[in-house]
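Peer 1:
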Amino acid sequence: METARRRPLLLGRQAGCHRGVPPQGSDPQADRHHRAGRRTPRGPVVVRPAVPEIIEVEAYRRAISATEGRTIASVHAPDEWFAKGGTTTDALRSELTGARIEEARRIGKLVIVDTDGPRLGLRFGMTGKIVVDGAMPIDHLLYDSPRHEPAWDRFGLEFEGAGAMVLRDPRRLGGVQLDPDESRLGPDALSLTLGQLRTALGRSTAALKARLLDQQRLAGLGNLLADEALWRARVSPVREARSLDASETARLHRAIRTTLRVLDQRGGSHTGDLQPARVRGGCCPRDGAALRREQVGGRTTYWCPGHQI
82 METARRRPLL
92 LGRQAGCHRG
102 VPPQGSDPQA
112 DRHHRAGRRT
122 PRGPVVVRPA
132 VPEIIEVEAY
142 RRAISATEGR
152 TIASVHAPDE
162 WFAKGGTTTD
172 ALRSELTGAR
182 IEEARRIGKL
192 VIVDTDGPRL
202 GLRFGMTGKI
212 VVDGAMPIDH
222 LLYDSPRHEP
232 AWDRFGLEFE
242 GAGAMVLRDP
252 RRLGGVQLDP
262 DESRLGPDAL
272 SLTLGQLRTA
282 LGRSTAALKA
292 RLLDQQRLAG
302 LGNLLADEAL
312 WRARVSPVRE
322 ARSLDASETA
332 RLHRAIRTTL
342 RVLDQRGGSH
352 TGDLQPARVR
362 GGCCPRDGAA
372 LRREQVGGRT
382 TYWCPGHQI
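Note that our numbering has the sequence shown beginning at 82, numbered continuously upward.
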């Protein structure tokens, strides 16, 4: 098995590929401009996380935590499609009106708002954003629109006294649910232990990246973060999950933890070292090899056949 999965190291930059713009991280001042979306000496920077992954959803949770202690005066739930898991818009209004917000928690990409009544689960899909008291922790995502239509406010809570929380989702791919089943989610990626990662990989013959994206095995990683962590760990995304030995599993665990910490400090899941090269014809920022682009686990994947083995 070892011989079959190892590939020759490709030394030097390959003809026909390009590295994209320099990765963020070496210049703290440039990183601040990057997060703010301002011009740098290198030119304009467009700040747009692709979709809400665990880093973005944690930012949403922190914003929602400002509502803890407030009492819900009314519920805006105009869209029956947006109510998931057997929840209805009538149930949202009747169960949440008058309830007091106790705590905003998160497991993976699911935010759970505990009240003195039911738990409220919030999922954000590809374009979901949170607005709390008129402010957004993240104002634009790659696949949404810079304009705002009132119909995109799919769900909202107004509080006694003043203030509101709104889930805005142009593409309508998120959803809200009362009392979501938290047991269906794997361990949270931000607090992942080595033992939990070993269990998540198990004896699965699935592609490694597909296993990392399985929210029932490991909650929170999305496409960009998985590609970045595997690239940092020097492990191929197409290998069987069960094929990793103890040292490779430990290296992947360190890479996941480092990726989440560093990219959170930089400002989002779109700020990885690999990210600028995730384009057709891109080459590896580490060794210059032409990146492969293929579908793994149903997601477009970029990886380096030179050092990811």
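Even glycine gets a Cβ: it sits at the ideal position worked out from N, Cα and C.
Beta carbon of Glu263, beta carbon of Ile193: below 8 Å?
Peer 2: Against a cut-off of 8 Å, the Cβ pair of Ile193 and Glu263 comes out as a contact.
Peer 1: Note down the Cα distance separating Pro159 from Thr352, rounded to an integer number of angstroms.
Peer 2: So the alpha carbons of these two residues sit roughly 35 Å apart.
Peer 1: State buried or exposed for Thr340, treating a residue as buried only when at least 16 other CB atoms are found within 10 Å of its CB.
Peer 2: Flag for Thr340 reads buried.
Peer 1: In this structure, does DSSP put Thr196 in helix, strand or coil?
Peer 2: If DSSP states are grouped into helix, strand and coil, Thr196 belongs with the strands.
Peer 1: Taking C-alpha atoms, which residue in Glu176, Leu271, Glu184 and Gly256 lies nearest to Lys210?
Peer 2: When each option's Cα is compared against that of Lys210, the closest is Gly256.
Peer 1: If the criterion is Cβ atoms closer than 8 Å, does the pair Gly267 and Ile136 meet it?
Peer 2: In this structure, Ile136 does not lie closer than 8 Å to Gly267 by Cβ.
Peer 1: Within 8 Å, do at least three Cβ pairs link the stretch 175 to 191 to the stretch 210 to 221?
Peer 2: Touching, no, given that fewer than three Cβ pairs across the two stretches are closer than 8 Å.
Peer 1: Can you give me the C-alpha to C-alpha distance between Ile337 and Thr274, rounded to a whole angstrom?
Peer 2: About 10 Å.
Peer 1: Under a Cβ-count criterion, where at least 16 other Cβ atoms within 10 Å of its own Cβ denotes burial, should Ala371 be classed as buried or exposed?
Peer 2: Buried: at least 16 other Cβ atoms inside 10 Å.
Peer 1: Straight-line CA distance for Pro133 to Asp171?
Peer 2: C-alpha separation (whole angstroms): 28 Å.
Peer 1: Taking buried to mean at least 16 other C-beta atoms within 10 Å of its own C-beta, is Thr196 buried or exposed?
Peer 2: Counting Cβ neighbours within 10 Å, Thr196 comes out buried, since at least 16 surround it.
Peer 1: So, helix, strand or coil for Val132, using DSSP?
Peer 2: If DSSP states are grouped into helix, strand and coil, Val132 belongs with coil.
Peer 1: For Arg120, count the other beta carbons within 10 Å of its own beta carbon; 16 or more makes it buried, fewer makes it exposed. Which is it?
Peer 2: Confidence is the limiting factor: at Arg120 the pLDDT is only 32, short of 50, which leaves the residue's position unreliable, though a coordinate-based value still follows. It counts as exposed.
Peer 1: For Lys190, which option in Leu203, Pro199 and Leu254 has the closest C-alpha, if you only look at C-alpha atoms?
Peer 2: Of the listed residues, the one whose Cα sits closest to Lys190 is Leu203.
Peer 1: Run through DSSP, which three-state label would Val316 get?
Peer 2: Of the three classes helix, strand and coil, the one that applies to Val316 here is coil, per DSSP.
Peer 1: When you compare only the Cα positions, how much space is there between Lys290 and Leu311?
Peer 2: Straight-line Cα distance between these residues: approximately 8 Å.
Peer 1: Any chance you could list the beta strand (DSSP E) runs of at least 3 consecutive residues sitting entirely within the stretch 133 to 169, in chain order?
Peer 2: Correct list: 153 to 157.
Peer 1: Assuming the contact rule is C-beta atoms closer than 8 Å, Pro199 and Glu176 should be a hit. Round their C-beta distance to whole Å, please.
Peer 2: 5 Å between Cβ atoms; contact.
Peer 1: Name the one or two DSSP bridge partners that Tyr383 has.
Peer 2: Its beta-bridge partners are Arg374.
Peer 1: Count the other CB atoms within 10 Å of the CB of Glu139; is the residue buried (16 or more) or exposed (fewer)?
Peer 2: Its Cβ being crowded by 16 or more others within 10 Å, Glu139 is buried.
Peer 1: Once DSSP output is grouped into helix, strand and coil, what is the label at Gly267?
Peer 2: If DSSP states are grouped into helix, strand and coil, Gly267 belongs with coil.
Peer 1: Which one or two residues does DSSP pair with Gly216 in a beta bridge?
Peer 2: Per the sequence shown, the amino acid found at residue 216 is Ala instead of Gly. According to DSSP, Ala216 bridges with Val213.
Peer 1: Quick check on the burial criterion: 16 or more other C-beta atoms within 10 angstroms. Buried or exposed for Ser317?
Peer 2: That one is buried.
Peer 1: On the CB-based measure, 16 or more other CB atoms within 10 Å of its CB, does Pro125 come out buried or exposed?
Peer 2: Caution is warranted here: a pLDDT of 37 is assigned to Pro125, below 50, making its placement in the model unreliable, and the coordinate value is therefore given only provisionally. It counts as exposed.
Peer 1: Identify whether Ala185 lies in helix, strand or coil by the three-state DSSP scheme.
Peer 2: In the structure shown, Ala185 sits in a strand (DSSP, three-state: E or B).
Peer 1: Using CA coordinates, which residue listed in Arg367, Asp368 and Arg361 is at the minimum distance from Thr382?
Peer 2: Looking at the Cα atoms, Arg361 is the closest of the given residues.
Peer 1: Only counting runs of 4 or more residues, tell me where the alpha helix (DSSP H) segments fall wholly within the stretch 272 to 337, in order along the chain.
Peer 2: Counting whole runs of 4 or more residues, the stretch 272 to 337 contains the alpha helix (DSSP H) stretches 275 to 282, 289 to 294 and 304 to 314.
Peer 1: Rank Glu161, Leu278 and Asp225 by C-alpha distance to the C-alpha of Gly206 and give the top, closest one.
Peer 2: Comparing Cα positions, the closest option is Asp225.
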